[in-house]
Structure formats: structure tokens, C-alpha cells
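Chains as they are written, first to last, in this note's numbering: chain A, 101 to 243; chain B, -1 to 431.
Take a look at the structure set out below.
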Amino acid sequence: MKIMQISVFLENRQGRLYDVCSLLGDNNVNIRALTIAETESFGVLRIVVDKSELAVRLLRDNHFVANFTDVIAIEVPDKPGGLASILKILAENDVNIEYMYGFVEKFSDKALLVMRFEDTDFAQQILAKHNVRAVAEKDIEGL
Amino acid sequence: MIWKQDIECMSPGDMKVLQSERLKQLIAYIYRNCPVYKQKLDAAGVSPDRIKSIDDIKRLPFTVKEDMRDNYPYGLFSTTQDQIREIHVSSGTTGNPTLVGYTKDDLKLWGDVMARVLCCAGAEPGDTIQIAYGYGLFTGGLGFHYGALEMGLRIIPTSSGQTARQLKIMQDFKPRILACTPSYALYMAEEAKESGIDPAKGNWKIGIFGAEPWSESMRHEIELIWNMLATDVYGLSEIIGPGVAQECTHKDGLHIFSDVFYPEVINPQTGEPAADGEDGELTITTLTKQGIPLIRYGTRDIVSIRHEKCRCGRTSPRISKIRGRTDDMIVVRGINVFPSQIEHVLVGIEGTQPYYQIVVDRQAHKLDEVEVLVEVEQRFFSDEIRRLNEIREKIRKEIENVLSIGVKVTLVEPKKLPRSEGKAKRIVDKRKL
Chain A
101 MKIMQISVFL ENRQGRLYDV CSLLGDNNVN IRALTIAETE SFGVLRIVVD KSELAVRLLR
161 DNHFVANFTD VIAIEVPDKP GGLASILKIL AENDVNIEYM YGFVEKFSDK ALLVMRFEDT
221 DFAQQILAKH NVRAVAEKDI EGL
Chain B
-1 MIWKQDIECM SPGDMKVLQS ERLKQLIAYI YRNCPVYKQK LDAAGVSPDR IKSIDDIKRL
59 PFTVKEDMRD NYPYGLFSTT QDQIREIHVS SGTTGNPTLV GYTKDDLKLW GDVMARVLCC
119 AGAEPGDTIQ IAYGYGLFTG GLGFHYGALE MGLRIIPTSS GQTARQLKIM QDFKPRILAC
179 TPSYALYMAE EAKESGIDPA KGNWKIGIFG AEPWSESMRH EIELIWNMLA TDVYGLSEII
239 GPGVAQECTH KDGLHIFSDV FYPEVINPQT GEPAADGEDG ELTITTLTKQ GIPLIRYGTR
299 DIVSIRHEKC RCGRTSPRIS KIRGRTDDMI VVRGINVFPS QIEHVLVGIE GTQPYYQIVV
359 DRQAHKLDEV EVLVEVEQRF FSDEIRRLNE IREKIRKEIE NVLSIGVKVT LVEPKKLPRS
419 EGKAKRIVDK RKL
């Protein structure tokens, strides 16, 4: 089950992350997961929010470059070896992960990780086949 | 010494007779041999037999850079290509480069005016010259080469770059003359110091610097660091390459060789000649060229002109250092850069928009650096850094292919750069020239 991630282009300038967060906050959009990838001159902010359509519209209206990306939010057993057990499945089936990061909070006894795959559909098939649970978009909205 | 004493010190009256005769022949020659110019002259209602004196030049139409582009490659030639012995190209404003071609006699002319340049700067027969201008399609290296051959100098054709080797050659072969861009002269001084060489004890005593704008303060610095006389050379490939004008050792304006390159300084607003001492666009008619002679070619360089005799004895008019440009061209490390070239590249890359800005900077004693800011577009934005870097790299490579100089490309947020409202601020030139 895929969910929407929003990616935002950010120049390496003071206050830019604040600008994004306050824009979303002022409009009652809640950030559930977040990571930043940076280079020397720019960064890409990746977020999962409760109202993604609204968030992208707000960002673009305010001259940010923002895109949707399909990612999968996977429940990972919150115990030693929990993540390894998932990665083992992926590795054995030649599924490439582009990047991953964690949710701010859990909503069961399991940890929640956002994973971006090279081939999202294929990854989804493999995970389903091995009974790894992925969270649906409506679960995020309800968080 | 003065290379062509009879010409360079000719009385104004005799010079006018010579120029008038040459202009008559030139117009008849072009009218006969170049259909594009014939059409241009016909359209302006100028028949060659109405040209009787150099003063009639005012009746002739101007030639602009776009004429060269529109008639690329051979439209402005007055000879067939089998008469051409050498071609050079420089950057055009968009797409096509500017092509120039020399007949055997044109190359002889080039050697002659460059010999005048070298003498003007103080070279003596038997001197050694280190030519650190680029050899190749750029006219700098070969232009100096032909002049030095003509004059009888010992030539070290180092071309540009490989600074450590340049310095070793200077120490080992003791050339008295250095020819390169002024910024490279400063850069080499820095490199010399770092490798324990005292530039003030260097062997170069005369510098002939050009191909990029430079100021009096830069001259002062070069002269102090290298303990040499630093002179300014002017030229452009459309006219001949280097060899259009050169400062003598008095450094009081650049002597323009007006018997072959007839100068007018034109007020860009009115199209009328500017008075002596007033700024205007330098416009040149090549009185004796065969391959690609040009009538009243607008150089887009802003200068002023003076006609009084110089202390050195030369009577040729003198132009000021270049005070600016009528277009948005900038010169970086001797290479002409037009913003439109970068626009052209961006339009050609899928997903990019031509929203860009060029920032040129020169750290003290370093070479010019070019940074191109490009706005990130929704269409090529990706959540993956790798893809963004790929696009940045692609833009960089394509710009470098077109400009032939290294650039840094930086992606910026949209709507950050000025939109084309009239003359957009495409260039931020931070260099202290």
C-alpha cells in the first residue's frame, strides 16, 4: 500500500525550513514524518503529512517546488533485529531502497518506517508476499 | 622602434589620401564580390562610384554582429573559400559561432599589424617572446605568433595554462616579452610566489595584455609585482584578431592602425560620430582585407578617440581603454560570453526554463570564476538528490561545451531570479576590474 510523500526543494538558506513548517502549521497541516537530504548548495525536504493534496497546493502557491513521491510506510517490529528481518526479505528479492526514515510517533507497538524504493510496485508485491504490513494513506490522515 | 615608420608617422593629410584611395577600392571590391553586401549597399542607395573620399564613409550602412550570424558561414566573404588559408571561430551570441577567414594577404596583414603592436610595446629585433595566449581557434596565440615571426623575434609558443611550466620557461630561456591575458599575468605571479620565485626578479620586462577588460589599478599591480611595463592590446576576431590597436611605451591611449582599420566612434543613440574625447561605439572599416572585409562594423566596445600626435612620434589616432559594452557580453578569461548562449542551452534541456543568472567573480590573484544560477522547475525536480545532481551536471557540461570555460552550476528556488523585464539583470559582475 503506497502513501504520498511530499518532496520540497530548499536552498541552503537560514529560515527556509521554518518557512515551510510555519506555512503548513498555519494551515493546520500536520507533519507525521520528516527527513532532509542535503548537498553543499541545496537540500530536499521529504515529509509525510496528514493532508498531502492541500500541503502541495499551499507550497506551490507560495513558490516552492514541491512534488508527490510514492513511498511505502512499513511496520517494523520494535525489537532487536526487527529492521534486519525486513531488510533481509528485501535483499533476498533484489529490492533496492533509495532512502528511508522513521515516523515521528508509532501508532501501534510497531515502529513505522518510510521507505522509498527504486521500483515501488515490485517492492509492494514482495512485502505483501511476505506479510509485511504497510500503512494506508487513510491511516496517516487519521493519525 | 616604429615598424612602419612611413605609415605610422604619416601626416594627417597624406593619411587621408591613402584612406580615401583604399576606401574606394574596398567598396568597389566588395560590391563586385559579395552579394550580401551588394544588396546592403543597393538598399542604402550607395553606388560604389559615389565613394570618392574617406569622408563618404558616412553614406555607408553599418554592419552588426547579427549580420555575421544571419549570413553564417560564408555570406559575408568577398572571396571563394579556395582563397582562404586559415579560419578562426569565436563565440556567437547564440547557436552559431562567429567565423572569420583569412586569405594569404590577410595573414600577411595580420603579421604586419602585429609586428607594429610588438614594436609599439617596446620590442626590439632579437628579443624573445613568450606567447601565453591560447593557440587554436582563438586568435590570440597565432596572431602574436605571426607578428613575432614578421618582426624577427625568438618565439616560445607556450600557449595558455600549465603555469609551473610557464614559469620554468621564463627562468630558463629569459624571454623579455610576455603576451597573455592580464588576469593570467596576476595568477602566474601568485603561483610564482608559492613556488618560491620572486616575481619582481622575473625576466619579463614587457607585458602585452589583452583579450579582456582591465583597469589602470590592475596595470599598476602587474607592473609592481612583475617589475615590468604592462601595455594594453586591442583587437577582435571579426576585424583581424589582436592587432587592431596597441599602447606605446607612453601608455597614453591605444594607437589604432587607421590606414587599414578605419575607426569611427559612433554615438549609439544618434548613429552620428561622437566628438573627440566623447564616448561612443568603436566602429571599424577594414580598408584592405580580402577574405571577409567589413564596412563600418560595430564592435560594441565603448571607447573615446583622440587625433593629436603622440610623444612617440606616431600620428595614428588613439582610442581609450574599453569603457564598457553596448550589449551584455562579458569577457571571462579571454572568452566572450553572451547570456543568450546560456539561455540557448537551458531551452535545449528538457524541463528547464531559461531563468538564470550569471555571477562572475575574481578572487584576488585568481582567475575569473563563473557561477550560473538556474531555477529548479517543477518538471525536473526530484525527491532524489542523485537525479538533481545529474541534471545540474548535464546543464554544466552543456554550458561548458558552448562557452569553452569551466562553470559552476547552482540550483536555486523558483521566482528568485529576475524575469526578462526589458534588459534583465542576467549578469552580476563582481570583479573589481
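The beta-carbon is built from N, C-alpha and C at its ideal position, and this holds for glycine as well.
Proximal residues to residue i (C-beta, below 7 Å), its chain only, five neighbours per side dropped
i, result
"residue 71(B)", "97"
"residue 197(B)", "187, 190, 191, 223 and 224"
"residue 429(B)", "358, 359, 360 and 366"
"residue 133(B)", "139, 140, 155 and 157"
"residue 249(B)", "229"
"residue 414(B)", "373"
"residue 20(B)", "285 and 286"
Selection from the options that minimises the alpha carbon distance to residue i
i, options, result
"residue 228(B)", "238(B), 184(B) and 256(B)", "184(B)"
"residue 104(A)", "181(A), 208(A), 155(A) and 205(A)", "155(A)"
"residue 280(B)", "3(B), 286(B) and 262(B)", "262(B)"
"residue 163(B)", "179(B), 141(B) and 186(B)", "186(B)"
"residue 426(B)", "363(B), 354(B), 220(B) and 159(B)", "354(B)"
"residue 135(B)", "24(B), 153(B) and 332(B)", "332(B)"
"residue 28(B)", "147(B), 211(B), 16(B) and 291(B)", "291(B)"
"residue 180(B)", "194(B), 207(B), 169(B) and 168(B)", "207(B)"
"residue 113(A)", "127(A), 222(A), 125(A) and 139(A)", "139(A)"
"residue 131(A)", "106(A), 116(A), 110(A) and 219(A)", "106(A)"
"residue 220(A)", "121(A), 207(A) and 199(A)", "199(A)"
"residue 201(A)", "188(A), 170(A) and 216(A)", "216(A)"
"residue 34(B)", "26(B), 65(B), 137(B) and 167(B)", "65(B)"
Chain A within 8 Å of residue i, Cβ atoms only
i, result
"residue 367(B)", "no"
"residue 197(B)", "no"
"residue 418(B)", "Its pLDDT being 48, under 50, residue 418(B) is placed unreliably by the model, and the measurement read from it follows with that caveat. No, residue 418(B) does not count as interfacial toward chain A."
"residue 413(B)", "yes"
"residue 376(B)", "yes"
Chain B within 8 Å of residue i, Cβ atoms only
i, result
"residue 220(A)", "no"
"residue 169(A)", "yes"
"residue 216(A)", "yes"
"residue 155(A)", "no"
"residue 132(A)", "no"
"residue 117(A)", "no"
"residue 109(A)", "yes"
"residue 237(A)", "no"
"residue 120(A)", "no"
"residue 233(A)", "no"
"residue 198(A)", "yes"
Contacts that residue i makes with chain A (C-beta to C-beta distance below 7 Å)
i, result
"residue 266(B)", "What residue 266(B) touches in chain A: nothing, since even the nearest Cβ is about 38 Å away."
"residue 408(B)", "141"
Contacting residues, own chain, Cβ-Cβ under 6 Å from residue i (five flanking each side not counted)
i, result
"residue 123(B)", "150"
"residue 420(B)", "Note that residue 420(B) scores 41 on pLDDT, short of 50, meaning its location in the model is unreliable; the coordinates nonetheless yield the value given after this. Excluding residues within five positions, none has a Cβ falling inside 6 Å."
"residue 38(B)", "59"
"residue 118(A)", "none"
"residue 176(B)", "128, 202 and 205"
"residue 323(B)", "298"
"residue 151(A)", "129"
Close beta carbons around residue i, own chain, < 8 Å, minus the five adjacent residues each side
i, result
"residue 251(B)", "245, 304, 308, 316, 317 and 318"
"residue 393(B)", "343, 344, 347, 350, 370, 372 and 407"
"residue 418(B)", "Low confidence applies here, because residue 418(B) scores a pLDDT of 48, under 50, leaving its location unreliable and the question unanswered by this model."
"residue 295(B)", "60, 61, 62, 236, 237, 281, 282, 283 and 284"
"residue 405(B)", "368, 369, 370, 394, 397 and 398"
"residue 141(A)", "111 and 112"
"residue 363(B)", "184, 185, 187 and 188"
Proximal chain B residues relative to residue i, where beta-carbon distance stays under 9 Å
i, result
"residue 105(A)", "381"
"residue 144(A)", "379, 380, 381, 382, 383 and 386"
Neighbour list for residue i in chain B, Cβ cutoff strictly below 7 Å
i, result
"residue 230(A)", "Those do not exist, as residue 230(A) stays about 26 Å from chain B at its closest Cβ, beyond 7 Å."
"residue 137(A)", "383"
Interface partners of residue i on chain B, CB under 8 Å
i, result
"residue 165(A)", "374, 375, 376, 379, 411 and 412"
> Would you call the stretch 394 to 406 of chain B and the stretch 158 to 172 of chain A touching, i.e. three or more CB-CB distances under 8 Å?
Replying inline: no
>> For the structure I just gave you, are there three or more beta carbon pairs, one from the stretch 72 to 90 of chain B and one from the stretch 110 to 118 of chain B, closer than 8 Å?
In response: no
>> With three or more beta-carbon pairs closer than 8 Å as the criterion, would you say the stretch 171 to 188 of chain A touches the stretch 219 to 236 of chain A?
In response: yes
> Counting pairs of Cβ atoms below 8 Å between the stretch 13 to 26 of chain B and the stretch 42 to 56 of chain B, do you hit three or more?
Replying inline: yes
> Taking three-plus beta-carbon pairs below 8 Å as touching, is the stretch 182 to 195 of chain A in contact with the stretch 223 to 230 of chain A?
Replying inline: yes
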